[in-house]
Amino acid sequence: MKKLVIANWKMNPASYAEAKKLAKAAGLSAKKHKNVKVVVCPPFPWLTDMSHEKEAGLEYGAQDVFWLDKGAYTGEVSPLMLKNSKVKYVIIGHSERRRLGETGQNINMKLKAALANGLVPILCVGEDAKTHSKGKLSVGKFLATQLREGLRGVDQNMFINKKLIVAYEPIWAISTTPGVKKDTPENATETIFSIKKLVARMFGILLSDITVLYGGSVDSENAYGFLSCPEIGGVLVGGASLRPADFGGVVKIASELS
Ligand code: 13P
Numbered sequence: 000m001k002k003l004v005i006a007n008w009k010m011n012p013a014s015y016a017e018a019k020k021l022a023k024a025a026g027l028s029a030k031k032h033k034n035v036k037v038v039v040c041p042p043f044p045w046l047t048d049m050s051h052e053k054e055a056g057l058e059y060g061a062q063d064v065f066w067l068d069k070g071a072y073t074g075e076v077s078p079l080m081l082k083n084s085k086v087k088y089v090i091i092g093h094s095e096r097r098r099l100g101e102t103g104q105n106i107n108m109k110l111k112a113a114l115a116n117g118l119v120p121i122l123c124v125g126e127d128a129k130t131h132s133k134g135k136l137s138v139g140k141f142l143a144t145q146l147r148e149g150l151r152g153v154d155q156n157m158f159i160n161k162k163l164i165v166a167y168e169p170i171w172a173i174s175t176t177p178g179v180k181k182d183t184p185e186n187a188t189e190t191i192f193s194i195k196k197l198v199a200r201m202f203g204i205l206l207s208d209i210t211v212l213y214g215g216s217v218d219s220e221n222a223y224g225f226l227s228c229p230e231i232g233g234v235l236v237g238g239a240s241l242r243p244a245d246f247g248g249v250v251k252i253a254s255e256l257s
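Residues in the sequence shown are numbered consecutively from 0, following numbering that gives the first Met the number 0.
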């Protein structure tokens, strides 16, 4: 199966002209290296212009979504609006949003609303440095809680039909976390394997039904290590996705390894 490379631009760049340049470069990489799916997740002000214009080779994703389709919810963006704007994916439950107060219940409502509108949610889970320092058992419990909360009431067919993706993003390995630490492909693979086993048990499905991405300072230097692990279905790239040459390198590696 083709690996996924998803660019999470977070709250960058500051202008539409810069955003277009980034998308153009990502599109060129995707056209050159066809054996990979490349998804770009710009901030809302640039997203829908871009998804309507659609740079060849790219799909688009949002960085968040609300749980209702319309109504008096100032500042929110609905899954129906995204669907009607040709947006295909949506990141849900990123640690940077959880830090701003998003709860497991909010995340679950967003995820179900996204699925109901035919968007593909990318549910982000990942432990903080303190939990990580306590060892595997603590990490397992932490991730199990995030997965149970986020996936409550979801139909198993969403996994079987590949309509739902999980991303493991350990907070301590995200490039902008103060005191960031390097993760290893071995640790990422082991944790992703345990995530798959848990989800497979929760839904009575096969490990191969579940797609899990890795995110945490992935760039063109370390992408080979992560993407060569068969357990890892792709990568969610933050910082490096704002550097076209670096991101292009990740796309190339993913295409060669798919
Ligand atoms: P970095 O690649 O900058 O560590 O960000 C990872 C991330 O948070 C992607 O969602």
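The beta carbon of each residue, even a glycine, is placed where N, CA and C say it ideally should be.
Quick one: does the C-beta of residue i sit closer than 8 Å to a heavy atom of ligand 1?
{"i": "C228", "result": "no"}
{"i": "K2", "result": "no"}
{"i": "N11", "result": "no"}
{"i": "A172", "result": "yes"}
{"i": "I231", "result": "no"}
{"i": "T262", "result": "Because the chain here runs from 0 to 257, residue 262 falls outside it and cannot be looked at."}
{"i": "N83", "result": "no"}
{"i": "I204", "result": "no"}
{"i": "S14", "result": "no"}
{"i": "N34", "result": "no"}
{"i": "G247", "result": "no"}
{"i": "V211", "result": "no"}
{"i": "I90", "result": "yes"}
{"i": "V37", "result": "no"}
{"i": "A253", "result": "no"}
{"i": "L122", "result": "no"}
{"i": "N221", "result": "no"}
{"i": "G224", "result": "no"}
{"i": "N105", "result": "no"}
{"i": "H51", "result": "no"}
{"i": "W132", "result": "Looking at the sequence itself, residue 132 is Ser, so the reference to Trp does not match. Not so, every heavy atom of ligand 1 lies at least 8 Å from the Cβ."}
{"i": "L235", "result": "yes"}
{"i": "N160", "result": "no"}
{"i": "V217", "result": "yes"}
{"i": "A25", "result": "no"}
Quick one, are the C-beta atoms of residue i and residue j less than 9 Å apart?
{"i": "N116", "j": "L146", "result": "no"}
{"i": "N107", "j": "L150", "result": "yes"}
{"i": "L212", "j": "V250", "result": "no"}
{"i": "S216", "j": "G238", "result": "yes"}
{"i": "I90", "j": "L241", "result": "no"}
{"i": "A187", "j": "F225", "result": "yes"}
{"i": "K20", "j": "M49", "result": "no"}
{"i": "W8", "j": "V38", "result": "no"}
{"i": "I121", "j": "Q155", "result": "no"}
{"i": "T210", "j": "G232", "result": "yes"}
Look up residue i in the DSSP assignment and give the residues it is bridged to.
{"i": "L212", "result": "A166"}
{"i": "E58", "result": "V38"}
{"i": "G247", "result": "BP columns for G247 are empty, so no partner."}
{"i": "V4", "result": "V37 and V234"}
So, at 7 Å on beta carbons, what are the nonlocal neighbours of residue i in its own chain, with the 5 sequence-adjacent residues on each side left out?
{"i": "K87", "result": "E58, Y59, G60, L118 and V119"}
{"i": "G139", "result": "S193"}
{"i": "F141", "result": "E126 and T130"}
{"i": "E75", "result": "F65"}
{"i": "Y72", "result": "F65"}
{"i": "L197", "result": "A143 and L146"}
{"i": "R96", "result": "D63"}
{"i": "M10", "result": "P42"}
Within its chain, find whatever has a CB closer than 8 Å to the CB of residue i; leave out the 5 residues flanking it on each side and keep chain order.
{"i": "T190", "result": "V138, L142, Y167 and P169"}
{"i": "K85", "result": "S50, H51, K53 and Y59"}
{"i": "L27", "result": "G56 and G247"}
{"i": "A22", "result": "V39, P41, M49, E54 and L57"}
Tell me which same chain residues have a C-beta within less than 6 Å of the C-beta of residue i, skipping the five on either side of it?
{"i": "P243", "result": "A24"}
{"i": "A112", "result": "W66 and P78"}
{"i": "A222", "result": "V249 and I252"}
{"i": "S257", "result": "K1, K2, N34 and V35"}
Check whether the Cβ of residue i lies closer than 8 Å to any heavy atom of ligand 3, and answer yes or no.
{"i": "N7", "result": "This structure lacks ligand 3; its bound ligands are ligand 1."}
key: alpha helix (DSSP H) runs contained entirely in the segment 107-185, provided each spans 4 or more residues   = 128-132, 135-150 and 155-159
key: Every unbroken alpha helix (DSSP H) inside the segment 74-104 [4 residues or more]   = 78-83 and 94-97
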